[in-house]
Structures are given as structure tokens and as C-alpha cells.
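A short worksheet on the structure shown next.
Number of protein chains: 2
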Amino acid sequence: MAGGRAGFAWRPPWLNGYNGASARQDLVAGLVVVMMLVPQSLAYALLAGLPAEAGLYASILPIVAYAAFGSSRTLAVGPVAVVSLMTASAIAPLAATGSPEAVGLALLLALLSGGLLILCGVLRLGVIAHLLSHPVVNGFMAGSAVLIILGQLFPLFGVQGHGHTGLSLAIALPSALAGAHPATALMGAVAVLTLALARRYLGPLLRRLGLKPGAAEMGARLAPMCVVLVAIALTALMNLDQDAGVAVVGSLPSSLPSLGLPTLELGILQALLLPAGAIALVGFIESVSVAQSLAMREREQIDPNRELLGLGAANVMASLAGGLPVTGGLSRSVVNYAAGARSPLAGVVSALALVVILLNVSELFERLPKCVLAASIIVPMTSLLNPADLRRMWSYSPPDGLAYLATALGVLTLGVEAGIALGVALSLLTVVWQASQPHIAVIGRVPGTEQYRNVKRAEVTTWPHILALRVDENLFFGNISTLEHAVQEALAAQPTAGHVILVLSSVSHIDATALERLLEMNHRLAARQIKLHLAEVKGPVLDQLQRTSLPAELGGRVFRFTHEAFSALLD
Amino acid sequence: MAGGRAGFAWRPPWLNGYNGASARQDLVAGLVVVMMLVPQSLAYALLAGLPAEAGLYASILPIVAYAAFGSSRTLAVGPVAVVSLMTASAIAPLAATGSPEAVGLALLLALLSGGLLILCGVLRLGVIAHLLSHPVVNGFMAGSAVLIILGQLFPLFGVQGHGHTGLSLAIALPSALAGAHPATALMGAVAVLTLALARRYLGPLLRRLGLKPGAAEMGARLAPMCVVLVAIALTALMNLDQDAGVAVVGSLPSSLPSLGLPTLELGILQALLLPAGAIALVGFIESVSVAQSLAMREREQIDPNRELLGLGAANVMASLAGGLPVTGGLSRSVVNYAAGARSPLAGVVSALALVVILLNVSELFERLPKCVLAASIIVPMTSLLNPADLRRMWSYSPPDGLAYLATALGVLTLGVEAGIALGVALSLLTVVWQASQPHIAVIGRVPGTEQYRNVKRAEVTTWPHILALRVDENLFFGNISTLEHAVQEALAAQPTAGHVILVLSSVSHIDATALERLLEMNHRLAARQIKLHLAEVKGPVLDQLQRTSLPAELGGRVFRFTHEAFSALLD
């Protein structure tokens, strides 16, 4: 936070107290993370509809760029599942999967979302991290997970997939699976089973074998790399790719990416702007929440504005280096933290290690079956499907549950961006809808105190000539008629009332519509010889009302406290 | 109201006490109103891009339908300017002005909006009258008035108009006016001048000549009919239409409309559904506000649900009888009221009188110059342009001023429906935006009382180990981080605090996001040996919180009153 408060200092905060021991810890963490990074990079590039090497390229320079500008010590930046899914859905209408055009579009997407993130960072708009409610984020993640799993079932069983909504994938699935490629399907199924079992039992097993909890967690996280290596060995030994027709990753370049700007075309830029904005927003929110939960364990704070700059720089770098949109990923960051990373230099170590792999042993991964990569995507996605989340949310507040469900179903049926848009619209409408259903209580005095409470909830004293109503919401065009009806009904129930007190303790705003209608109410009451008083008007509201004709026209008075009003009217 | 409460009684409330005197009053009022109705009907039909007779047809049976179902005694239903403008803008992309296709589309629009109104009436959705804020309605009216005036300048000067947005009309205007038709322009200008002067001075003049105020107002309102008759006489005497080429209304049928359903086509129905919804909403809101302001003078109340049925029936009838969408209009209703109308039977008299005119003297209006009709539209529209409205709104509340301005400019540049949509979106976002900027105050005790107030606004007592913050807004995902920062900063300013009390007297809702973050805040404070307490939690919120883990996890306690909390912590 200190760095953030003092502007964008070039000296990163983690340099304080950095020493040889820290450097050794970073070295180990970086080497551990690269073992996860290789299969994830390849898998997420394929998920995004790109050649596998794009994933490797996206995992080198972006990490370095984040290390230079970001604020988290342990966040591991690179391709992640949800952002790759969004990339795929943005590219799909414009170019064929894996084509050079698709690669160019992915670079543009990364450039645009990186540019947007940097712009937001420079404008210090870190607050956009709070633009989406938890139900919308969780619903989005759940819907995306289902969409990703559905999509990956096709390569898992060695068949071609069509359709980009959950619905069209689900419809295409049965007939596609009927034509599954036996050898691929077998290998895929075994990989899923192995990874699922490892995910569940490997950590506890390693701990029972004597490893420390942190090391056991790390070991379990390396299972995908082991499965990948075993699959490569099997494929090579049994010549599965050539003899049995198992689809493999295929030729990978053994060279570093050449840096270059993507081609810019106005029409395409326009088409990609909205998806780029969605990718920037979702990527930022996912990354900040990962970084925040890690920082909390160390009693540190991350600075959302520096995060915007760090992620923006990482995406611009991904674009220049032939990659795809990137962000901070949960699983790699957790391993990085568990492996003892002390600074973003751990990420630099990962990047360097990846360069060594790319230059020396990249041909090793050319015979990696695609179905195993699909398995390595599917298994972690299952953890995002948590029905208890939805149940808990619904029981606490049905509108929140509805926002979760609508976002998830929206992602599945309408697509990722439309799903988010639906969720955001719904959560904003909920705010307005709740404000338009104000709780209005007739109140009376709690005997022996200066406190006033709802006559229905407490034993209170009331007087026949005074009617006091408390409005528990800002007054605006959407709820002023509810107040009018409440006053009318309360007066019908208490026809002896000569004074109506509106207690505005919960009112922070009165809009122009509500003000006009309050004036009308005042005149209608005056015609019936009833005086309208206001009480507990907040300072800013009172300042605002002083600029209108209300104080002059009001039949009654404006009191500071409800108690003052009752005392005055009881004299 | 009694009728509304008791369901849709077939015996209309105005029948109570209806007698011979009432019938005579209705007869007079109906005859006075028909003198306004003829020019207005013709003018608004042309404004809607339809043959003039559609306006006459829309002024006969719809009035009778409203009389049967509506709840206002004096509302005069028929074609009105804004609804005709909306009809024109809905039809324009689909058919040429004045073509048989345009007539068919107008019938469909009336049928659809009538159907929607009846549906809303049956569902008792009268509350939709409050869906639009006053700034949005006023801004919409002002923008529409400018749009109508711009559009009518073309026929006023005898030239063809192109374009359907204010912008395109304004751009086309100068070159069009350069080719103005001299005789038409002269007659149009004289008509505008005469009507404007009559509007301003005729009423007072008649009063000075000894008429009663009501009669003077009525007389002034008949000026358009006089101007129309003079213009017809001039045209006939000087043969202006044939010799000078002044455009006139042209042949009118001298027969009653034949009833029939419009042709229904799915594609066209879909294209018209949104405009029909907008017409229904705007027409309903305009009509209800006219009816309400008239009813208030008589201490009566109108029932929004019956109004929905009445207007819906009127529109369905307009569709069956060859008309166009209709609603309750301000000027005719005011004259109807001033002329002493006692019941909707006055409208039936108008309808019958119109039938007589149509069957006997309709050829009289065939030589009525269109420029005079344009003048009769332009002059009343100027009263909707009221810059003081905007100034007053802006000075009271800038967001309301902005909604007014955005709606008006939206109508002018984007079109009528997009303009409303923009205004509604903006006024909803304002509600959310204000909720996301909560006022949070550190509070202390007003000495000698049990009251607690903002330390910045009142002389209050505070204690170093207690920090109490009052949140003046519902807690939700959009403002919970503001609360987090406020607590953090207040603690930094008062590091001795061991207790934080959140005073929730203004909080009626806590959403799932805010709840999770409150739990996190509780744990962070607990780690610093600070207890988090809640006070003044409202009943419904408390009920909701009881269903969560918060009561169990909270480091501090939940107090009923702030005073209780301070008393307990000061012991």
C-alpha cells in the first residue's frame, strides 16, 4: 500500500530486506512453478483455439513485465482457463481455430485489453475490482467451468467439437461421442481418473509419507506434469500418434518468439473492443482476488492500481511476443507461494527456465496427446462447480442467488460476455428494485427512553393526534408513491391525527421527483388541516432542501430529533 | 378509488348523482371540444405520417371506448402530438409517409399498444405510471417538442422534409427553407403569429371584455378552429390551392370508418412491439398525469388500473376503426373541464358531433392548407420548452438535471425510443451510483442526551477506546469497499480504539457480497485485538443475519441502540 500511496515508485516494495536466502527461495519456487506452467500453457493455448506455442510465448515475457510493475509478491501471471475461454469466444466468429488469423486476433485482443488495463491504472480506477458482485463472479466462474468442461470433452474423446455456446455443445456432444476415437478416449479417461484421484488423495498421501503440508501440496500440484511426461513416454514407446492415430500437439518451434506489433485494422479493432474490455475486467478481478487472498496470509496489501499497470504491461508484452491474453492464475500462484517465493523474481526464474525448455527440449512435447491436455483442463474446473455456494447464497438472499444463477445460465446459453452483462444488469436492477420497496414503519416511543421504534416490533407508546412514520430508504421516483400510500393508509387507520411526522433518519438523498411529490403531499394534508413535519433530516439533505421552496411551504416544522418533535407536539 | 378497490365495477362512479343538469353541461362541453378536435385530429394524423382522415377516425370510437372503461370524468382521449410523433418514428423505417402500408402499420401499432395496456390493466400494473422520473418525462417532452417543431417547419414553409432525428432535420432545414414556397410560407407565418398572439393575449382580452375566466379560457382555446376556418375561406375565395399551389389536406371520405382487424404479420409485429411498448408507456404516463391534475381540482381520485383498461380499449378501438394510437391529451381535457363536463358522456357528445361533421361537411376541410395545421401544432409545442425547469432541477440535484438533459438530447439525436431508454438507464444508474457513494460518519454522544451525531456536524463527546461509525446507505457490493476504507482510516486516526461499532440505522439490506466482506473485516479486526460490534440493526436485517455464521463469528455484540452499545462498553 505504501508504494501505491506514494505514487508509482519504481523501487518495488519487495526489495526491502531482500537477501541471498530470499533469492534461493525464489529460485526453487520458480523451478517448481515451471513444471506446472508447461502443460498449462500448452493446454490453455489450445483451449483458446490457438497453436500450442502461443501458450509458451505468453508465459515468458509477460511474467517479467508483471514483475516490473505489479504489486503482488507471489502472483503467477500467464494463460488461465477462463480468459482463454473468453479469447476463444471472441476469436471464433472471425477466424478458424488454430489459423494464422486466429493468432493475429489473439495478439490484438491482448494488446487491447492490456491497453485498457494500463489506461485504468493511469486513471487510478482500481475500484473497478468491485464492479462485479460476488454472486456474479462466482456464477460466471461456474458457468465458464461447465462451458470449458463441455468443450474439452471433444478433444478428450478425440472428436471434433462444434458450437460455442454451452447449449450447442451439449446438443452436439452425444452424436460426437458416438464416434469417439477408442485409443484417444481410453487415454483421456485414464488421464482424467488419474488427475482426479491425485487431486483428491495425493496431497494427504504425501503428508502421510512424511512430507510437510506445504511440500505435500506442491507435490500434488505437480501431478499434471507427471501425467504429461508418462503420456509422452507411452506415445513414443507405442508409437500411438502414428499407428493408433492419437492426436498430439505436433511441431513446436524451438526458438524464442520474435517481437512485433500485431496488424491493426479499424474494423477488427472495433469488433474486438468489447471482448477485450470483458477480458480485461474479468482477468483483473480474478487476478486481484487471487493476489489479495495470498497477500492476506502474509498480512500484506496489494494495490489495485499497481495491479492494473502490472497486468496491463503483461498483456501488452504477451501481444508483442506472440502470445495470448494473460492474467494471474490461482493454481500456479498458490504453488508459487507454497514453494516459498519471496518476490516476483520467482516468476523471472520460471520465465528463464521456460526459455531453456523451449530452446532445448521443446520437441519432447510434440508427441504429447491433446486428450491428456484436455484432461488437465477438465479436472481443476470441477472445483469451480460448487452447488453449496448457490444454496447458501439463495438462502441468505434470493436476489443474490438469482444473480448467480442468471450469470451462470447466461454464460452457458448466451455466451461469456452476454452472461456477465446479464449478471451485472440483474445485480444493478436488484439495487434499484430493493430501493423501490421501502420499509415504512409507524413508530412510537419506547417507554422511559428517548428512543422510537416500529409499533409492530416493540412495545411503544403512541398518541392519537401524532402519526410518525419512518422511511427506511432514500426517497426517489421509484418509491415515493409507496410513501404516499403508506401515509394515506396510516391516516385512515388513525383519523384523529393532526400531525404527520416523516422520520428521515435513513434518507440520504431525495430526488427531484420525490421532492415535488412531497410538496404535493404537504398541500393535500394542509387542505385536511393536517401539518406535515420532518425529523432527523440528515445534514446534506437539509442543505439541499434549503435551496427549494419546501422550508417555506411546509405546514409543520423541521425537527432535529424525533424526540424533539414529539416533545414539541405533546406540549 | 372506490371503484378500483372493489374490482372493475361495470357501474361507473360518475353515474352517482347524474341528472338532467349534468347532461346539459356534458352536451355543451362536448360541442365545445369538437371544435378543437377537428383541427387537432387532422394535424396529428399528418404529423404521424398518415392521411388526415385517420385522425378523425381516431377521435370517434376510441372516445366511446374510454368512456366505458376509464376512470376520469373529464379526460378527452384522441390523437396527441407526442404519441403521433412516436407513431411517425416507428412507421418511417417500414413504409412511405401517407401510404396504405403506413396506415396498416399505424393500426397495428394501436392494436399492440392497446393490447399491452389492457394486459397491464388486467395484471393491475398501474404502478408503471411511476416508472419514469419527472426529469425523464419532462426531458422527453421538451426533446419531442423540439423534434416536432423542427419537423413541422417543413410543411409550414411548403417544402418536403427529410430525416427523422432532430439532427438530420436541423441539417436539412436551411437548404429546404431556401426553396420555401412563398404563398405557403406567408400563410404559415401569419398563422403562427396569430395563434401565438391568441395564446398569449386572447384569454386576458376576453376577460377584459367581460367574459368569466373559464369562458375566456375556452374562447382562447377555440382560436385554432377560427384560424382554420378563416384559412379555408381565404383559400376558397382566392383559389390559393389551384392558382398559387398552396398544399391542402385534399379529399376526405364523407363516410364512417369501416371496422376491421389490421393484417397481422409476425415479422412486422416483432418490429413494432418495442415502439408499441414505448407508445403505451408514454401515452399512459401523459394521460394519467393529465387525468390526475384534473381530478385533484375536484378532490377526486383516478384509478391507474382502470386508466390502463380505458386507454387500452380506446387504442384497440382506434385500430379497428382505421385510426392511429391515441391517449388523453392535455389541451382538450382542460377545455372539456373548463366547459363544465360532468362525465365521459361529454366525450360521447364530441364523438357524435364529429360523426355529423364527417358525414355532412367534411369536404369543407379538403381545402384547408397544411401549413395552417403545421402552425396549429407548432404554437402549443412552445409551451413545453421551459429552460427554467431545467435550471431549477439542476440547482436542486445535478443528476436529475443530467437525466433531463440526456433524455432531451437523446430524443433529438438518437430518436424518441432511444431517448427514453437513455433517460431511464441514466436515472436507474443514478440510484445505484448514489448508493455506491455512502455517507459514513464517525459519531459521538450529544451531551446530556441518548442521541448520537456526526462528530463533524455537532458538538459531541467521544471516548478513545470506542470508534462508532454510522453508514447512511444499504450495504452492497458497490459500496462495501468504501466502508472498509472508512474503518481503516478512522482506526488510523484513533489507534487507541479497541471497539468498532457499526451503526446500521440506515441499512435495510446487506447483500451477499457485503456480508462476506463484513465477515472478513471482523477477522482482520480480531487479529488486531479489536472487537467489531453492530448497533441499530433493523428487524428484517437481523432476521436475515441470523441465518448466517455472522452472529457466531462476530468478535463483539449486536446492540439494539447505539446508546446501549456505548453504555455497555463504557462500564
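Chains as they are written, first to last, in my numbering: chain A, 1072 to 1642; chain B, 1072 to 1642.
Note that beta-carbon positions come from the ideal geometry of N, C-alpha and C, so glycine has one too.
Taking a contact as a CB-CB distance under 8 Å, the pair B:Ser1402 and B:Met1212 does not count as one, their CB atoms being some 14 Å apart. Boundaries of the alpha helix (DSSP H) harbouring A:Val1135: Leu1132 to Phe1140, taken from the DSSP string. Fewer than three Cβ pairs drawn from the region 1240-1254 of chain A and the region 1263-1279 of chain A lie within less than 8 Å of each other, which leaves the two stretches out of contact.
When secondary structure is reduced to three states using DSSP, A:Thr1255 falls in the helix class.
Here A:Ala1100 has Asn1407, Ala1410, Gly1411, Ala1412 and Ala1417 as same chain residues with Cβ atoms under 6 Å from its own Cβ, once five neighbours each way along the sequence are excluded.
Where A:Tyr1115 is concerned, there is no enclosing beta strand (DSSP E), although the alpha helix (DSSP H) around it starts and stops at Gly1091 to Leu1118. Residue range Ile1511 to Arg1516 is occupied by the beta strand (DSSP E) that includes A:Gly1515.
Between B:Phe1548 and B:Thr1584, the CB-CB gap stays under 8 Å. C-alpha of B:Pro1150 to C-alpha of B:Gly1393: approximately 13 Å in a straight line. Annotated as distal: A:Leu1156 and A:Ser1112, with beta-carbon spacing of 8 Å or more. Contact with chain B is absent for A:Pro1226, since none of that chain's Cβ atoms lies less than 8 Å from the residue's Cβ.
Between the beta-carbon of A:His1594 and that of A:Thr1567 there is about 21 Å, and that puts the pair past the 8 Å contact cut. Distances from the CA of B:Gly1197 to each of B:His1235, B:Gly1169, B:Met1309 and B:Ile1373 were compared; the closest alpha carbon is that of B:Ile1373. Rounded to the nearest whole angstrom, the CA to CA distance from A:Lys1283 to B:Leu1586 is 35 Å. Interface residue (Cβ-Cβ distance to chain B less than 8 Å): A:Gly1549 is classified as such.
Per DSSP, the unbroken beta strand (DSSP E) holding A:His1604 starts and ends at Lys1602 to Ala1606. The beta-bridge partner set that DSSP reports for A:Tyr1523 consists of A:Arg1516.
In this structure, the CA atom of A:Gly1120 is about 20 Å from the CA atom of A:Leu1248. For the C-beta of B:Arg1278, not a single chain A residue is nearer than 7 Å; the gap to the nearest is close to 26 Å. For the region 1499-1524 of chain A, the set of residues with a beta-carbon nearer than 7 Å to any beta-carbon of chain B comprises Leu1499, Val1502, Val1503, Gln1505, Ala1506, His1510, Thr1520, Glu1521 and Gln1522, in chain order. Between B:Ala1147 and B:Gly1399 a beta carbon distance of about 7 Å is seen, short of the 8 Å cut, so the two are scored as contacting.
Cβ neighbours of B:Thr1265 within its own chain (closer than 6 Å, five residues either side excluded): Val1298. CA-to-CA, the gap between B:Val1104 and B:Gly1126 works out to about 15 Å. The alpha-carbon of B:Val1526 is positioned some 30 Å away from that of A:Leu1538.
Residue environment analysis places A:Thr1334 among the exposed positions, since fewer than 16 neighbouring C-beta atoms fall within 10 angstroms of its C-beta. Between the C-alpha atoms of A:Val1629 and A:Arg1618 there is a straight-line separation of about 15 Å.
Nearest in C-alpha terms to A:Asp1097, of all of A:Gly1472, A:Arg1144 and A:Pro1164, is A:Arg1144. Sequence-ordered contacts of the region 1606-1623 of chain B with chain A read Lys1609, Gly1610, Pro1611, Gln1615, Arg1618 and Thr1619 [C-beta pairs closer than 8 Å]. Between A:Phe1632 and chain B, the shortest Cβ-Cβ separation is below 8 Å. A straight-line Cα-Cα distance of about 12 Å links B:Leu1132 and B:Pro1396.
Taking B:Ala1161 as the centre and dropping the five residues before and after it, the same chain places the C-beta of Leu1180, Leu1343 and Pro1346 closer than 7 Å to its C-beta, in chain order.
Taking the CA atoms as reference points, A:Gly1316 sits about 40 Å from A:Gly1348. Annotated as distal: B:Leu1589 and B:Val1542, with beta-carbon spacing of 8 Å or more.
DSSP places A:Ala1167 in the coil class of the three-state scheme, outside both helix and strand. Looking at B:Ser1421, B:Leu1605 and B:Lys1602, the one whose alpha-carbon comes closest to that of B:Ile1134 is B:Ser1421.
Separation of A:Glu1124 and A:Pro1324 (C-alpha to C-alpha, rounded to the nearest whole angstrom) is 7 Å.
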